[in-house]
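Written below as structure tokens is the structure these notes are about.
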Amino acid sequence: MKKNYLLIILLSFACLVQAQLGFSDRAAALGAGYSYGQSYLGGGVSFMDFDQDGWDDLTYATEAGQPVRFFRNVEGSFMEVDLGINDLFETKQVMWVDYDNDGDLDFFASSINGYNRLYANNGNMVMKDVTQGSGLYLDDRFTYGVAFGDIDNDGDLDLFITHRDVGARNQPNRLYLNEGGTFVDISETAGISDENYLSFCASFFDYDKDGDVDIYVSNDKYTKENLLYRNNGDLTFTDVSAESGAGIIIDAMSTTIGDYNGDSWPDIYVTNTTEGNYLLRNNQNGTFTNVAPELGVEFLSIAWGAAFIDADNDTDLDIYVSGMLNGGADTRLPSAFYENQNGSFSIPSGIGLEGDNRTSFANAIGDFNNDGYPDILVMNDSEPNFLWENQTTNDNHYLKIKLAGLDSNSFGFGSTLELRVSGSSQYNYALCGESYLGQFSDTEFFGMGSATTAEYLKVTWPSGTVDIIQNVEADKTYMLIEGTGELIDLQLGPADEPEEEEEEEDPMDDDTTEDDTTEDDGGLPDDTGDDESSTGDNSGQSPQEQFCVRSKVFFYPNPSTDGSFEVCLRTESTQMQADVFSINGVRVLSQSVSSEDMQLDLSTLNSGLYVVKLQAGEDTHLGKVLIR
């Protein structure tokens with residue numbers, strides 16, 4: 005009996021170890037261990053994949069006298085790159101955004117002691133300062149937060165800029181309408197009247213689910229309320245701060261948006277000083293209620309950045325908070341990770357964040373090693389930034405989604421994603437600017453728990469287009485091009501290199517089952533026809549030769565070093581049309597493909613990941629290619 009008890013204890017301990025949350029700071033080891041320097045109330049960080057090669061990169065705001073720092077992710081480690089952006093202002097927000105909707109990421113930097121800067125990407129990561137002539141005010145100072153969102157759903161991202169001006173200038177926040185790549189200040193006519201506010205940040209999100217994005221603004225110093233502007237759908241806004249209950253008067257820093265309770269209505273987490281953070285639950289009727297005290301997520305220290313994150317991929321959102329106390333003589337929290345366990349939050353111990361005790365401000369979420377577990381980037385004052393690698397050990401599954409808008413803006417910002425797993429739904433919101441001076445990865449993360457397949461993924465785009473995809477396989481990174489209703493597998497690494505010993509499972513045909521194959525047909529579907537190359541004996545064929553008898557498209561070699569690909573497809577069409585899209589959905593090339601040579605020439609394109617839409621008669625085929 006004692007042996008049985010001992011066995012039970014050991015098994016229980018093993019389960020706890022197996023499911024252990026864990027983080028480790030990897031910034032220095034991976035080449036990104038640099039500091040903002042000395043700041044006035046911190047600076048921003050971005051986890052955006054700025055070169056769009058499928059690996060989340062890092063961008064750091066910096067102190068006065070230092071240029072913004074850019075770290076390119078090279079398959080899980082970092083190399084600092086010079087993009088020719090050498091402004092020496094004290095930078096606050098650093099933001100990658102496709103403001104001109106041409107398919108590549110441009111760059112915006114806000115500053116408190118210099119004017120804001122906008123840089124256009126020429127398509128090959130060569131950046132040009134286009135601030136003058138962009139329509140942006142050149143005399144603005146004391147800018148903190150920046151957010152982009154499409155207020156009129158015309159496909160162009162509009163801009164909201166917040167000012168925290170403690171001097172006599174009393175600069176108001178500004179709402180700029182994007183008119184095809186240049187901006188017009190419509191603040192006054194839109195009803196954005198907030199002079200004498202000390203605003204830190206803002207976020208665009210659709211709090212009332214009426215199909216257009218609203219604006220929430222965090223304001224500092226207990227003198228002015230936070231502001232919630234409801235979008236009226238006609239380029240005007242109504243201040244509903246008081247009637248909604250979102251107009252709280254605190255030392256507000258962050259505007260963190262997420263659906264912590266899975267009811268499909270976006271909630272707001274707002275950081276504060278020692279009086280406690282607010283978690284504003286959306287009551288589904290245009291009002292909000294603070295539930296932070298009852299859920300135990302007040303923090304009761306000096307908080308700045310905050311993020312909703314499903315760190316353990318168990319299908320519910322946890323909360324990470326950065327604080328400015330350094331854990332010395334002051335016993336108040338320097339930071340906190342609140343684990344969500346069926347709607348109840350607690351701070352777990354022994355998960356590696358005990359060293360998270362620097363003076364921290366902004367944070368951002370991404371996945372630098374593409375393992376499906378979201379990592380945390382943290383800006384620190386006067387000490388190196390943290391890059392908290394998520395080393396959680398459990399058997400949970402994940403899903404990552406990258407959006408590519410066509411009628412909507414190119415990155416699909418403003419979209420709502422619903423993932424149905426095991427009978428319950430999760431909701432993510434694609435935002436461009438959130439938390440406190442943060443920019444998260446443009447890839448949306450979902451934890452799937454023990455489920456290996458989601459019942460469906462539903463994406464509602466700003467244009468109103470709705471895509472629904474059934475039976476989504478877990479542990480993948482997919483891209484969804486607006487309106488196609490089909491997911492494209494973007495998984496990088498060994499999964500891109502077909503292995504001969506796995507060919508019998510026919511990875512190119514998701515519909516193949518044991519019922520439609522035979523033991524000696526090499527794993528091919530029964531409908532292989534009379535093609536001699538489709539016989540069961542394919543042992544002498546190369547992987548590409550075997551894939552060329554499939555009814556789905558395959559490109560070889562993939563990746564290609566020169567942009568030349570052989571198109572492998574079983575089709576009766578003699579002439580096909582190939583449309584090539586950048587990873588964020590912008591068509592960059594169209595080309596005819598002949599059945600005589602089956603060649604695709606992409607040698608004029610830059611290195612990167614692309615999606616090919618191949619039209620063969622009435623059949624449409626989608627595939628991905630990588631040019632190195």
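Letter by letter, the sequence shown follows residues 5 to 632 of this note's numbering.
Glycine is no exception: its CB is placed at the ideal position from the N, C-alpha and C atoms.
The structure presented is a predicted model; accordingly, all values stated were derived computationally and were not measured.
Range covered by the beta strand (DSSP E) that runs through residue i
| i | result |
| --- | --- |
| residue 368 | 364-370 |
| residue 115 | 110-115 |
| residue 247 | Looking at the DSSP string, residue 247 is not in any beta strand (DSSP E); the run it does join, the alpha helix (DSSP H), is 245-248. |
| residue 423 | 420-425 |
| residue 151 | 147-153 |
| residue 570 | 568-572 |
| residue 73 | 73-78 |
| residue 481 | 480-485 |
| residue 124 | 121-125 |
| residue 347 | Unbroken run through residue 347: none, as it is neither H nor E. |
| residue 277 | No beta strand (DSSP E) holds residue 277; DSSP gives it neither H nor E. |
| residue 453 | 447-453 |
| residue 591 | 591-598 |
| residue 61 | It is not in any beta strand (DSSP E) - residue 61 carries neither H nor E in the DSSP assignment. |
| residue 38 | Looking at the DSSP string, residue 38 is not in any beta strand (DSSP E), and its letter there is neither H nor E. |
| residue 81 | 81-85 |
| residue 627 | 623-631 |
| residue 580 | 579-586 |
| residue 56 | Looking at the DSSP string, residue 56 is not in any beta strand (DSSP E), and its letter there is neither H nor E. |
| residue 131 | 131-133 |
| residue 575 | It is not in any beta strand (DSSP E) - residue 575 carries neither H nor E in the DSSP assignment. |
| residue 381 | 379-384 |
| residue 473 | 470-477 |
Close beta carbons around residue i, own chain, < 8 Å, minus the five adjacent residues each side
| i | result |
| --- | --- |
| residue 603 | 568, 569, 570, 571, 597 |
| residue 536 | The predicted model places residue 536 with a pLDDT of 37, which falls under 50 and marks its position as unreliable; any figure quoted below should be read in that light. Result list for residue 536: empty, nothing under 8 Å. |
| residue 608 | 567, 593 |
Close-in-space but distant-in-sequence residues of the same chain around residue i (CB under 6 Å, 5 per side omitted)
| i | result |
| --- | --- |
| residue 595 | 582 |
| residue 84 | 75 |
| residue 174 | 199, 200 |
| residue 188 | 139, 181 |
| residue 348 | none |
| residue 591 | 583, 585 |
| residue 269 | 286, 288 |
| residue 63 | 50, 74, 98 |
| residue 426 | 455 |
Helix, strand or coil at residue i according to DSSP, with G and I counted as helix
| i | result |
| --- | --- |
| residue 328 | coil |
| residue 337 | coil |
| residue 539 | For residue 539, the predicted structure reports a pLDDT of 37, less than 50, and the residue's modelled location is therefore unreliable. A value from the coordinates is still provided. Three-state DSSP puts residue 539 in coil, outside helix and strand. |
| residue 408 | strand |
| residue 357 | helix |
| residue 138 | coil |
| residue 488 | coil |
| residue 438 | strand |
| residue 606 | coil |
| residue 170 | coil |
| residue 557 | coil |
| residue 394 | strand |
| residue 21 | Legend: pLDDT at residue 21 = 39, less than 50; position of this residue unreliable, value from coordinates given subsequently. Correct three-state label for residue 21: helix. |
| residue 601 | coil |
| residue 107 | coil |
| residue 45 | coil |
| residue 31 | coil |
| residue 459 | strand |
| residue 430 | strand |
| residue 464 | strand |
7 Å Cβ shell around residue i - same chain, five flanking residues per side excluded
| i | result |
| --- | --- |
| residue 226 | 253, 254, 255 |
| residue 207 | 151, 220, 259, 261, 435, 437, 438 |
Cβ of residue i within 8 Å of any chain B Cβ
| i | result |
| --- | --- |
| residue 314 | Any reference to chain B falls outside this structure, which holds one protein chain only. |
Span of the alpha helix (DSSP H) around residue i
| i | result |
| --- | --- |
| residue 695 | Since the first residue of the chain shown is 5 and the last is 632, residue 695 is not available in this structure. |
Cβ-heavy atom distance, residue i to the ligand SAH, below 7 Å
| i | result |
| --- | --- |
| residue 568 | Among the ligands in the structure shown, none appear at all, so the ligand SAH cannot be discussed. |
How do the region 371-389 and the region 43-56 stand: do at least 3 beta-carbon pairs fall below 8 Å, yes or no? yes
Would the region 310-322 and the region 440-456 be scored as touching if the rule is three or more Cβ pairs under 8 Å? yes
Which whole runs of the beta strand (DSSP E) in the region 180-263 are 3 residues long or more, in chain order? 187-189, 203-209, 218-223, 231-235, 241-243, 260-262
Three or more C-beta pairs closer than 8 Å, one from the region 99-110 and one from the region 413-424: is that the case here? yes
Meets three-Cβ-pair contact criterion under 8 Å: the region 143-160 and the region 404-413: yes
Could you tell me whether the region 228-237 touches the region 195-214, using the rule of 3 or more Cβ pairs below 8 Å? yes
Okay, do the region 419-429 and the region 334-344 touch, 3+ Cβ pairs below 8 Å being the bar? no
Would you check if there are 3 or more beta carbon pairs closer than 8 Å linking the region 439-447 to the region 391-402? no
How do the region 369-385 and the region 116-124 stand: do at least 3 beta-carbon pairs fall below 8 Å, yes or no? no
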